[in-house]
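So the structure is just underneath, and the comments pick up after that.
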Amino acid sequence: DIQMTQSPSSLSASVGDRVIITCRASQDIGNDLQWYQQKPGKTPERLIFGARYLDTWAPSRFSGSGSGTEFTLTISSLQPEDFAVYYCLQHNHKVYTFGPGTRVDFK
Amino acid sequence: QVQLVQSGAEVKNPGASLTISCKTSAFDFTTNFMHWVRQARGQGLEWIGLVSPWGEVAGYPPELQGRVRLTRDTSTSTFYMELSNLRPDDTATYYCSRDVLDWGQGTLLTVSS
Numbered sequence: 056d057i058q059m060t061q062s063p064s065s066l067s068a069s070v071g072d073r074v075i076i077t078c079r080a081s082q083d084i085g086n087d088l089q090w091y092q093q094k095p096g097k098t099p100e101r102l103i104f105g106a107r108y109l110d111t112w113a114p115s116r117f118s119g120s121g122s123g124t125e126f127t128l129t130i131s132s133l134q135p136e137d138f139a140v141y142y143c144l145q146h147n148h149k150v151y152t153f154g155p156g157t158r159v160d161f162k
Numbered sequence: 084q085v086q087l088v089q090s091g092a093e094v095k096n097p098g099a100s101l102t103i104s105c106k107t108s109a110f111d112f113t114t115n116f117m118h119w120v121r122q123a124r125g126q127g128l129e130w131i132g133l134v135s136p137w138g139e140v141a142g143y144p145p146e147l148q149g150r151v152r153l154t155r156d157t158s159t160s161t162f163y164m165e166l167s168n169l170r171p172d173d174t175a176t177y178y179c180s181r182d183v184l185d186w187g188q189g190t191l192l193t194v195s196s
């Protein structure tokens, strides 16, 4: 099965900061990667699909890039509502895999 | 709009079995995949498996192999997840999710003696 790692596992940032989260796959998954945001007590919400395509409901400050085994989620200017946990999800094979998550909290 | 309504919270003893249901409305059985995901309190998301539009089941992380079964009943628009030989580390909130986009409200399972 494909294993996913994320770095960092957590980060502290301020409003307005540029934040970059990395997700790595144990084997080539092409562009079959999605990014999710989860806030406390809520279900996850997808932000990015196909590694780089922004969902219509997601703010434009979010962007995704990468292919193969290394991917990034960038928040260009962190907003107060962005403090949350972010997960990548690979769906290259029938068995999907979430990354372990990256917690973004307030510095 | 798709709605996913899951069955209620459960408390089970180790070794027991349970079934969680996920009743859907506006679910397109010809195109939509139903996924199951679990999340222990304060922990990350764990993908369990999926049922495809053609009824194929895929998934099951190693720790669930042989203990989990995903099924569906198209006549009642309901999906089911059966989990057997429950262990304390199965304690988590279980979600059904259409295409990992729309989510049920979650079912809290507590396994404790």
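From first to last, the protein sequence lines are chains A and B. Take the first sequence: its position 41, counted from the start at 1, is 96 in the working numbering, and no numbers get skipped. Take the second sequence: its position 26, counted from the start at 1, is 109 in the working numbering, and no numbers get skipped. Where a beta carbon is used, it is the ideal one built from N, C-alpha and C, also for glycine. For clarity, every value in this text was computed on a predicted model and none was experimentally measured.
Span separating the alpha-carbon of residue i from that of residue j
i, j, result
"B/Met117", "A/Gln61", "25 Å"
"A/Tyr141", "B/Thr176", "18 Å"
"B/Gly149", "A/Tyr91", "29 Å"
"B/Phe110", "A/Trp112", "21 Å"
"A/Pro114", "A/Glu100", "12 Å"
"A/Val150", "B/Ala141", "6 Å"
"B/Gly91", "B/Arg170", "19 Å"
"A/Val159", "B/Ser158", "43 Å"
"B/Thr198", "B/Arg124", "No answer is possible for residue 198 of chain B: it lies beyond the span of chain B, which begins at 84 and ends at 196."
"A/Phe161", "A/Ser131", "16 Å"
"A/Ser118", "B/Gly98", "45 Å"
C-beta atoms of residue i and residue j nearer than 9 Å
i, j, result
"B/Pro144", "B/Trp130", "yes"
"A/Leu133", "A/Gly71", "yes"
"A/Gln82", "B/Leu128", "no"
"B/Thr161", "B/Ser196", "no"
"B/Lys95", "B/Thr193", "yes"
"A/Leu88", "A/Cys78", "yes"
"B/Tyr178", "B/Thr102", "no"
"B/Pro136", "B/Thr154", "no"
CB-CB length for residue i against residue j, believed under 8 Å
i, j, result
"A/Thr124", "A/Gln58", "11 Å between Cβ atoms; not a contact."
"B/Ser167", "B/Val120", "In fact, because the Cβ distance is near 19 Å, the residues do not count as touching under 8 Å."
"A/Ile75", "A/Thr127", "6 Å"
"B/Gly187", "B/Val88", "7 Å"
"A/Ser64", "A/Pro155", "7 Å"
Residue range of the beta strand (DSSP E) that includes residue i
i, result
"B/Tyr178", "Ala175 to Arg181"
"B/Phe162", "Thr161 to Leu166"
"B/Glu66", "Chain B is shown only over 84 to 196; residue 66 of chain B falls outside these bounds and no answer can be derived."
"B/Val120", "Met117 to Gln122"
"B/Tyr208", "Outside the displayed span of chain B (84 to 196) sits residue 208 of chain B, for which this structure offers no information."
"B/Trp130", "Leu128 to Val134"
"B/Arg150", "Run containing B/Arg150: none; DSSP gives neither H nor E here."
"B/Phe112", "Premise fails: B/Phe112 is in no beta strand (DSSP E) and is neither H nor E."
"A/Phe161", "Thr157 to Phe161"
* Just list the beta strand (DSSP E) runs in the region 59-133 of chain A, keeping only unbroken ones of 3 residues or longer that don't cross its boundaries, in chain order. => 59-62, 65-68, 74-80, 88-93, 100-104, 117-122 and 125-130
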